[in-house]
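Student: If you read the sequence shown in the UniProt record's numbering, its first letter stands for residue 1, the second for the next number, and so on. Backbone N, C-alpha and C define an ideal beta-carbon position, used for all residues, glycine too. This structure is in structure tokens; I'll ask about it shortly.
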Amino acid sequence: MENEDVPYARSVLSCILGKLSLPECPYHERYSAVTAVPRKELEDLLWSCLLDNVRELFENNRLFTQNVNIPHDPTYAGRAIYIHSITTNDARQPLSPIRSPQSTSRNQTVRIYTGQTRNLRHRISQHTSFRYRRDNPSLHYYALQQSASDRFQTLATLTAPSSAPGMHRPDLVLNILEMWCGVVLQTLPADIVKAWTPPGILIRKMPWRPLNVALPFDQGDMENGASSSMWNYLKREDAALVNGYLYELRKAGFPLVEAATPVRNFVGEQRAERKSSNVVDEYSNVGISPGGKAFIVLTGICALWLVLRKARGYR
1 MENEDVPYAR SVLSCILGKL SLPECPYHER YSAVTAVPRK ELEDLLWSCL
51 LDNVRELFEN NRLFTQNVNI PHDPTYAGRA IYIHSITTND ARQPLSPIRS
101 PQSTSRNQTV RIYTGQTRNL RHRISQHTSF RYRRDNPSLH YYALQQSASD
151 RFQTLATLTA PSSAPGMHRP DLVLNILEMW CGVVLQTLPA DIVKAWTPPG
201 ILIRKMPWRP LNVALPFDQG DMENGASSSM WNYLKREDAA LVNGYLYELR
251 KAGFPLVEAA TPVRNFVGEQ RAERKSSNVV DEYSNVGISP GGKAFIVLTG
301 ICALWLVLRK ARGYR
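In structure tokens form, the structure reads like this:
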């Protein structure tokens, strides 16, 4: 049962910091330099990073279930956490779309991506650059490519001095801040949200779909990225989008492997040729290995040879 006396967002933050401090947590060693700081001081630091109206939403357990205005300063050039809301007109999915509270069309789907940056102005300029999106394909950009509208909103800024608790590693503090926002706003797959939410806390389903694939804790760690399990989690919630994106990657010649593969390493031109949903669904799950392709080609050659041999009268 949800404890109404403690804001949901604060409970999630306490749970995240608590799990990071456990020796059995896979992220414990890397984040120990930050979690060694007194818990209350670290919580207060992270809470103070939220913009005033975002903090009010978190404090009142209202989150983004109401039509509220969250400002975005496109000129801010410091560390920040932001969200990118993407609205798509889904004519092919009229049965059970997840709608924005502001939406009047039952065929609109809203997807939200949470991101972090050391320079908000520069990062937003990358997101809005066609060339950058073309050269750095991602699920986020694939959704944006099909959008009817989108907007950026700033959630938090990290401006504390280096003498503040945990600020000797601002990169890790920023990762924790992004993870916290991603869990609270459910921009990560539901299985991840549940794993980092305190037991017994009611998780209210948000009226949007998640777009984050890689775990924020892995940011800056080149050995980790979006694992196959994360893709599977997300596929359960947004199969059409994920299948369409993976189909485009396969068509462009990217090797799709089951091991952990950083999404940010997928570099190349993304040819955005629109396909109908039945084509995507039919081929998106078909993965033919190089050996399988060679076998198919060899079988075809043998069949052709037998036909020609028979036509010439050989026995």
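1. What first and last residue would you give for the beta strand (DSSP E) that runs through alanine 156?
2. Where does the unbroken alpha helix (DSSP H) through threonine 35 begin, and where does it stop?
3. Apart from the five residues just before and just after valine 37, which ones in its own chain have a Cβ nearer than 7 Å to its Cβ?
4. Using 8 Å as the threshold, is the C-beta distance between isoleucine 112 and phenylalanine 152 below it?
5. Residues bridged to serine 85 by DSSP?
6. CB threonine 109 to CB arginine 204, shorter than 8 Å?
7. Which partner residues of alanine 80 appear in the DSSP bridge assignment?
8. Strictly by DSSP, which residues pair up with arginine 209?
9. Going by beta carbon distance, what residues of the same chain come within less than 7 Å of serine 162, once the five residues before and after it are set aside?
10. DSSP on glycine 220, reduced to helix/strand/coil?
11. Leaving aside the five residues before and after histidine 72 along the sequence, list all residues of the same chain whose C-beta is less than 6 Å from its C-beta, in chain order.
12. Cα separation between tyrosine 142 and leucine 185?
13. Is leucine 46 helix, strand or coil by DSSP?
14. Could you give the residue range of the alpha helix (DSSP H) that holds serine 14?
15. Go to glutamate 59, then tell me how far its alpha helix (DSSP H) extends in each direction, as first and last residue.
16. Check whether the region 183-199 touches the region 233-243, counting contact only when three or more Cβ pairs, one atom from each stretch, lie closer than 8 Å.
17. With a threshold of 6 Å on Cβ separation, who are the neighbours of leucine 42 within its own chain once the five nearest residues in sequence on each side are excluded?
18. Short of 8 Å in beta carbon distance, which residues of its chain neighbour residue 324, apart from the five on each side in sequence? Order them along the chain.
19. With three or more C-beta pairs closer than 8 Å as the rule, is the region 172-185 touching the region 9-23?
20. Span of the alpha helix (DSSP H) holding proline 170?
21. If you measure between the beta carbons of arginine 79 and leucine 202, is that distance less than 8 Å?
22. Identify the continuous alpha helix (DSSP H) that holds glutamate 248 and give its terminal residues.
23. Among the candidates Ser32, Tyr27, Glu59 and Glu24, whose CA atom is the shortest distance from the CA of valine 12?
24. Can you check whether the CB of isoleucine 70 is closer than 8 Å to the CB of asparagine 53?
25. Does DSSP classify asparagine 136 as helix, strand or coil?
26. Do you know offhand how far tyrosine 245's Cα is from proline 137's?
Tutor: Quick answer:
1. 149-157
2. 28-35
3. Pro165 and Gly166
4. no
5. Ile112 and Arg151
6. no
7. Thr117 and Thr157
8. Arg111
9. His168
10. coil
11. Phe152, Gln153 and Thr154
12. 21 Å
13. helix
14. 8-20
15. 52-59
16. yes
17. Pro165 and Gly166
18. Here the chain covers residues 1 to 315 and nothing more, so residue 324 does not appear.
19. yes
20. 170-184
21. no
22. 239-251
23. Glu59
24. yes
25. coil
26. 9 Å
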